[in-house]
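The sequence shown runs 1 to 116 under UniProt numbering.
Glycine included, each C-beta is placed from N, C-alpha and C at the ideal position.
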Amino acid sequence: MQDNPPPPLIIEEVSKALQEGLAAGFPQKVAANALSIAQRELVDGPRTDAAESERLSRLVGSEGDLAARNARLASMIAAGEIAISDELVGHLIATTIEKIEKDQPGYPSFRAWRGG
Numbered sequence: 001m002q003d004n005p006p007p008p009l010i011i012e013e014v015s016k017a018l019q020e021g022l023a024a025g026f027p028q029k030v031a032a033n034a035l036s037i038a039q040r041e042l043v044d045g046p047r048t049d050a051a052e053s054e055r056l057s058r059l060v061g062s063e064g065d066l067a068a069r070n071a072r073l074a075s076m077i078a079a080g081e082i083a084i085s086d087e088l089v090g091h092l093i094a095t096t097i098e099k100i101e102k103d104q105p106g107y108p109s110f111r112a113w114r115g116g
């Protein structure tokens, strides 16, 4: 998914904050949420990255890593060099859903949309 910060950094920073005492504005719930995001990324990241990589390969080719192909797709969209197709829209929707599933799976509107 190529989102930052990566899980190891989240875990490191939360661990440091817990060891040094929670700073004002960094309550335990924020720490717990950050760890949950990192855990979901570590568990689901390889699967969703592979799915995203496959979709990107069909859209922009397989040259470069995931970040490079995402940058290439963004440039192509901005320059009008790629047609708005069902495949492109499907990729953008799937990638967005995968990101929400990791970052905010309990978000009420997302849960309602998912039927749960």
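R72 has its alpha-carbon roughly 16 Å from the corresponding atom of V89. Secondary structure in the stretch 55-95: the alpha helix (DSSP H) runs of 4 residues or longer, each lying completely within the stretch, are 66-78 in chain order. According to the DSSP assignment, P105 belongs to no alpha helix (DSSP H), since it is labelled neither H nor E. Straight-line measurement puts the Cα of Q39 at about 19 Å from the Cα of Q19. Nearest C-alpha to A31 among L42, A67, I84, I11: I11. In the DSSP annotation of this structure, the continuous segment of the alpha helix (DSSP H) that includes P8 starts and ends at 7-20. At a Cβ-Cβ threshold of 8 Å, L66 and S53 count as neighbours.
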